[in-house]
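Undergrad:
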Amino acid sequence: MIKALFPGSFDPVTNGHMSIIKRSAKLFDILFVAVMVNPAKKSLFSPEKRLKMLKECCKDISNVIVISFDGLLVDLAKEKGVGIIIKGVRNSLDFESEIQQAQANSILFEGIETLLMPSSAQDIAISSTLVKQIALFGGDVTPFVPKIVADKLQNNK
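According to our numbering, the residues represented by the sequence shown are 89 to 245, in order.
1) Given 8 Å as the limit, tell me if I108 has its C-beta closer than that to any heavy atom belonging to the ligand SAM.
2) Which residues in the same chain as M106 place their Cβ atom closer than 7 Å to its Cβ, once the five residues preceding and following it in sequence are excluded?
3) From which residue to which residue does the beta strand (DSSP E) around M124 run?
4) Classify A192: buried if its beta carbon has 16 or more other beta carbons within 10 angstroms, exposed otherwise.
5) Consult DSSP for A92 and reduce its assignment to one of helix, strand or coil.
6) Use the C-beta contact count for D228: other C-beta atoms within 10 angstroms, 16 or more gives buried, fewer gives exposed.
7) Write down the C-beta distance between I149 and A113 rounded to the nearest angstrom, noting that I regard them as a contact closer than 8 Å.
8) Around the C-beta of L142, are 16 or more other C-beta atoms found within 10 angstroms, so that it is buried, or is it exposed?
9) To the nearest angstrom, how far is the alpha carbon of V154 from that of F225?
10) Starting from K235, trace the alpha helix (DSSP H) both ways and give me its first and last residue.
11) Return helix, strand or coil for F183, following the three-state DSSP convention.
12) What first and last residue would you give for the alpha helix (DSSP H) that runs through L164?
13) Thinking C-alpha only, which one of S185, P100, E198, Q210 is nearest K140?
14) Fully enclosed by the segment 173-222, which beta strand (DSSP E) runs are 3 residues long or longer?
15) Hey, how far is the Cα of A190 from the Cα of T202?
16) In angstroms with no decimal places, state the Cα-to-Cα distance between P206 and T102.
Shown next as structure tokens:
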């Protein structure tokens, strides 16, 4: 059984995230999707709300297990018996950043592999930061996020 891990802050989860999740779920027997808690990062939604939204978004994908974690990513991978970390990349800046992180992870956890999955063409411009900015100014976020997330952003004003 091949297990993989797709971590992120998911603040909020976007259609780009969901594309990576759906595509990854087709490649692996079990896909852990982890809401990572980073106390140094200011979040719009609490970890509990992000976890709840992500669970709702993934409820129809049978081999996806949504969890939250606060700690080192490699520790979570070890805990879950995962040998593959999935990271979405939209552009060369994402690629460079993720390569550095992958190299650090491979030092901390020998044998861990990182799969860099390119964003789908329609999702390249989507980021959680962009979605939050659009929502902040009352713009329509529905082209960028699942409906449940759009509703939460609308109600969060």
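Glycine residues also receive a C-beta, built at the ideal position from the N, C-alpha and C atoms.
TA: In terms of the structure at hand:
1) This structure lacks the ligand SAM; in fact it carries no ligand of any kind.
2) C145, P234
3) 118-124
4) exposed
5) strand
6) With fewer than 16 other Cβ atoms within 10 Å, it is exposed.
7) 5 Å
8) By the 10 Å Cβ count, L142 comes out buried.
9) So the alpha carbons of these two residues sit roughly 30 Å apart.
10) 235-243
11) Helix.
12) 161-168
13) Ranked by Cα distance from K140, the options S185, P100, E198, Q210 are led by P100.
14) Segments of the beta strand (DSSP E) lying fully in the segment 173-222: 201-206.
15) 6 Å
16) Each residue's alpha carbon lies about 15 Å from the other.
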